[in-house]
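Beneath this line is the structure, given in structure tokens, with notes to follow.
There are 2 protein chains.
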Amino acid sequence: MVDAHSALKSGPAKAAAATPSSRGATREQVDSAVRSRLLTGRFIPGKSVTIRGLAADLGVSPMPVREVLQRLAAENALEVKPNGRVQVPDMTPGRFEEVLKARLLLETELAELALPHLRSADAADLKAIDDDIDARLTNGDAEAYMRLNHAFHFRIYRASGSQVLLPLIDSLWLQFAPFMRTVYGRVGTASLEDRHKEAIRAIERADAPALRAAIAADIADGMGLLGKEVLAEP
Amino acid sequence: MVDAHSALKSGPAKAAAATPSSRGATREQVDSAVRSRLLTGRFIPGKSVTIRGLAADLGVSPMPVREVLQRLAAENALEVKPNGRVQVPDMTPGRFEEVLKARLLLETELAELALPHLRSADAADLKAIDDDIDARLTNGDAEAYMRLNHAFHFRIYRASGSQVLLPLIDSLWLQFAPFMRTVYGRVGTASLEDRHKEAIRAIERADAPALRAAIAADIADGMGLLGKEVLAEP
DNA sequence: CGTGCCATTTTGTGATCACAAACTGATTTT
DNA sequence: AAAATCAGTTTGTGATCACAAAATGGCACG
Numbered sequence: 001m002v003d004a005h006s007a008l009k010s011g012p013a014k015a016a017a018a019t020p021s022s023r024g025a026t027r028e029q030v031d032s033a034v035r036s037r038l039l040t041g042r043f044i045p046g047k048s049v050t051i052r053g054l055a056a057d058l059g060v061s062p063m064p065v066r067e068v069l070q071r072l073a074a075e076n077a078l079e080v081k082p083n084g085r086v087q088v089p090d091m092t093p094g095r096f097e098e099v100l101k102a103r104l105l106l107e108t109e110l111a112e113l114a115l116p117h118l119r120s121a122d123a124a125d126l127k128a129i130d131d132d133i134d135a136r137l138t139n140g141d142a143e144a145y146m147r148l149n150h151a152f153h154f155r156i157y158r159a160s161g162s163q164v165l166l167p168l169i170d171s172l173w174l175q176f177a178p179f180m181r182t183v184y185g186r187v188g189t190a191s192l193e194d195r196h197k198e199a200i201r202a203i204e205r206a207d208a209p210a211l212r213a214a215i216a217a218d219i220a221d222g223m224g225l226l227g228k229e230v231l232a233e234p
Numbered sequence: 001m002v003d004a005h006s007a008l009k010s011g012p013a014k015a016a017a018a019t020p021s022s023r024g025a026t027r028e029q030v031d032s033a034v035r036s037r038l039l040t041g042r043f044i045p046g047k048s049v050t051i052r053g054l055a056a057d058l059g060v061s062p063m064p065v066r067e068v069l070q071r072l073a074a075e076n077a078l079e080v081k082p083n084g085r086v087q088v089p090d091m092t093p094g095r096f097e098e099v100l101k102a103r104l105l106l107e108t109e110l111a112e113l114a115l116p117h118l119r120s121a122d123a124a125d126l127k128a129i130d131d132d133i134d135a136r137l138t139n140g141d142a143e144a145y146m147r148l149n150h151a152f153h154f155r156i157y158r159a160s161g162s163q164v165l166l167p168l169i170d171s172l173w174l175q176f177a178p179f180m181r182t183v184y185g186r187v188g189t190a191s192l193e194d195r196h197k198e199a200i201r202a203i204e205r206a207d208a209p210a211l212r213a214a215i216a217a218d219i220a221d222g223m224g225l226l227g228k229e230v231l232a233e234p
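As given, the protein sequences belong to chains R and F, one line each in that order.
Just so we're aligned, residue 1 is where the first sequence starts under the numbering used here, counting upward by one.
Just so we're aligned, residue 1 is where the second sequence starts under the numbering used here, counting upward by one.
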């Protein structure tokens with residue numbers, strides 16, 4: 001009994017010594033790790049995520065994992081089933097249509113709000129990301145594509161300095177990303193075409209209507225067409 | 001040491017025996033309690049909420065409270081400061097404008113989506129809620145007004161069966177409600193006018209453009225005008 | 001009288017524990 | 001042989017603990 005406590009002092013496994021730094025550091029590490037996995041589709045929809053399993057996977061105690069899972073469930077990125085089990089929600093036609101509608105409403109709006117804050121340096125960054133995307137598409141690296149596509153969009157949105165719309169869009173991406181990963185698994189990435197170059201041109205010209213149109217088209221083509229196709233199949 | 005455990009068995013305070021029912025029941029109880037307090041403005045913006053304090057207040061252990069606070073922080077209803085302290089975020093002009101814009105975009109859209117699902121029975125319910133609101137306004141009961149106004153709007157939105165837009169709007173209400181409570185505290189509730197009757201009429205006629213207009217006007221007048229006025233003062 | 005400093009208390013965080021519900025799979029029963 | 005049952009394991013939940021960072025309040029010093 002007593003030595004159990006002293007043993008606890010000597011070595012609480014592996015996570016404690018790594019980064020004894022600031023407040024809530026472990027939780028943030030777990031949070032960004034899980035978010036990254038969701039955004040690149042490394043969690044399979046319908047497969048349940050266990051607290052202990054994920055904790056062991058990340059080398060931390062179950063505690064911060066529990067809190068992170070609750071956070072992501074609150075953003076509708078994960079689903080807590082009535083028995084307490086946590087899993088990535090399955091995509092349904094109704095949910096898909098709603099996500100599409102919300103993305104078109106919010107992302108076009110936020111892109112326009114970001115436009116005045118975007119400098120030519122940002123346009124150069126976006127060009128670099130887009131070139132990287134083109135390279136990855138031919139390689140068929142779906143995870144890298146998803147990570148870069150996310151980086152492209154949020155490089156624009158983040159420039160707005162938004163504190164409200166941006167988190168809402170964040171939630172939407174977490175919801176559709178795991179499903180899109182399964183889509184790319186079926187149709188491949190070679191056939192993907194985006195409107196990123198049109199968006200960059202609109203940013204360089206500070207042309208708000210053109211930027212809205214480019215973002216809307218990027219969403220409708222990249223997500224809408226592919227997704228509806230796959231959802232119609234089974 | 002040993003009897004500490006048996007004492008734990010005999011009486012872990014007050015919460016355990018009450019509802020030994022289903023999975024995660026305590027967490028849901030805490031969650032809805034805190035949500036209710038936020039939506040009726042019973043938390044003061046800027047005042048920090050302590051885990052142990054809230055736990056003692058609700059008669060539960062700190063555990064479920066921690067998870068709930070994390071959930072609400074993920075919805076931007078609460079803010080975790082760099083020192084780990086949790087508080088209701090202060091409203092800023094920028095945030096306010098964004099919430100207003102997002103509400104206009106999302107709530108008009110969801111109201112229209114809900115319209116085909118709304119039967120005359122729902123219209124009757126809405127009428128009853130609205131009558132209740134009118135009664136409370138003259139009494140100056142701000143908390144009751146906020147609760148009923150929330151009930152009115154979400155009676156409409158929930159009819160849509162939405163799984164995506166509705167949670168987004170939920171997050172928005174949690175963000176502006178505490179601030180609006182302070183607004184009502186300054187200007188009173190007697191001067192409040194809403195467009196609920198116009199909305200009910202539009203629902204009875206199944207007139208989508210009229211419903212959009214009524215919801216938009218209700219948001220712009222009820223929240224926009226008052227809020228901008230108060231934010232301009234200090 | 002104001003200001004910096006230190007002891008005390010409060011608070012969040014991560015870890016572990018005990019328990020009940022749920023899942024798994026092998027065995028028995030019809 | 002198919003279905004039901006039962007033991008064993010896994011898993012989420014709530015509780016408690018130990019520790020460090022932070023806030024608080026009182027005290028000494030300028």
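Virtual Cβ for every residue (Gly too), placed ideally from N, Cα, C.
Along the stretch 161–173 of chain F, what residues have a CB closer than 8 Å to any CB found in chain R?
Flagged, chain order: Gly161, Ser162, Gln163, Val164, Leu165, Pro167, Leu168, Ser171, Leu172.
Taking CB distances under 8 Å as the criterion, tell me whether Lys101 (chain R) reaches chain F.
Yes, Lys101 (chain R) counts as interfacial toward chain F.
Rounded straight-line distance, which links the Cα of Tyr184 (chain R) to that of Glu193 (chain F)
Taking the straight line from one Cα to the other gives about 51 Å.
Contact between the stretch 58–77 of chain F and the stretch 54–73 of chain R (3+ Cβ pairs under 8 Å)
Because the criterion of three Cβ pairs below 8 Å is met, the stretch 58–77 of chain F and the stretch 54–73 of chain R touch.
Does any residue of chain F have a CB that is nearer than 8 Å to the CB of Ala74 (chain R)?
Yes, because at least one Cβ of chain F sits closer than 8 Å to the Cβ of Ala74 (chain R).
DSSP three-state assignment for Pro20 (chain F), whether helix, strand or coil:
Caution is warranted here: a pLDDT of 46 is assigned to Pro20 (chain F), below 50, making its placement in the model unreliable, and the coordinate value is therefore given only provisionally. Looking at Pro20 (chain F) - three-state DSSP - the assignment turns out to be coil, as it is neither helix nor strand.
Can we say the stretch 75–94 of chain R touches the stretch 40–52 of chain R, given the rule of at least three CB pairs closer than 8 Å?
Contact holds between the stretch 75–94 of chain R and the stretch 40–52 of chain R, because three or more Cβ pairs, one in each stretch, are under 8 Å apart.
Using a 10 Å radius around the Cβ and a threshold of 16 neighbouring Cβ atoms, would you call Leu225 (chain R) buried or exposed?
Flag for Leu225 (chain R) reads exposed.
Distance check for Val60 (chain R) and Lys14 (chain R), CA to CA, integer angstroms please.
Unreliable placement is indicated for Lys14 (chain R), whose pLDDT of 37 sits below 50; the coordinate value is still reported in the next sentence. About 7 Å.
In the DSSP output, which residue or residues are listed as bridge partners for Gln87 (chain R)?
R:Ser48, R:Glu79.
Check the Cβ-Cβ distances between Glu98 (chain R) and every residue of chain F, and say whether any is below 8 Å.
Closer than 8 Å to some Cβ of chain F, the Cβ of Glu98 (chain R) qualifies, so yes.
What's the gap between the Cα of Lys228 (chain R) and the Cα of Met180 (chain R)?
So the alpha carbons of these two residues sit roughly 11 Å apart.
Helix, strand or coil, according to DSSP, for Ala135 (chain R) in the structure here?
It is helical.
Please confirm whether Ala111 (chain F) and Ile156 (chain F) have their CB atoms less than 8 Å apart.
Taking 8 Å as the Cβ cut-off, Ala111 (chain F) and Ile156 (chain F) qualify as a contacting pair.
Helix, strand or coil for Ala4 (chain F) per DSSP?
Note that Ala4 (chain F) has pLDDT 34, beneath the 50 cutoff, so the model's placement of it is unreliable and no number is given.
Give me, in chain order, the residues of the same chain whose beta-carbon lies closer than 8 Å to that of His117 (chain F); leave out the 5 immediate sequence neighbours on both sides.
Only Ala159, Ser160, Gly161 meet the Cβ criterion.
Under the assumption that Met91 (chain R) contacts Pro45 (chain R) (Cβ atoms under 8 Å), give the Cβ distance between them as a whole number of angstroms.
Yes, Met91 (chain R) and Pro45 (chain R) are in contact; Cβ-Cβ is about 7 Å, under 8 Å.
Would the stretch 27–38 of chain R and the stretch 163–179 of chain R be scored as touching if the rule is three or more Cβ pairs under 8 Å?
Three or more Cβ pairs drawn from the stretch 27–38 of chain R and the stretch 163–179 of chain R lie within less than 8 Å of each other, which places the two stretches in contact.
What in chain F is Cβ-close to Gly84 (chain R), meaning under 7 Å?
Result: Arg23, Gly24.
Let me confirm a value: Asn149 (chain R) is counted as buried when at least 16 other C-beta atoms fall within 10 Å, else exposed. Which label applies?
With 16 or more other Cβ atoms inside 10 Å of its own Cβ, Asn149 (chain R) counts as buried.
For Arg42 (chain R), decide whether its Cβ has a neighbour in chain F, counting only Cβ atoms nearer than 8 Å.
It does not: the Cβ of Arg42 (chain R) has no partner Cβ on chain F nearer than 8 Å.
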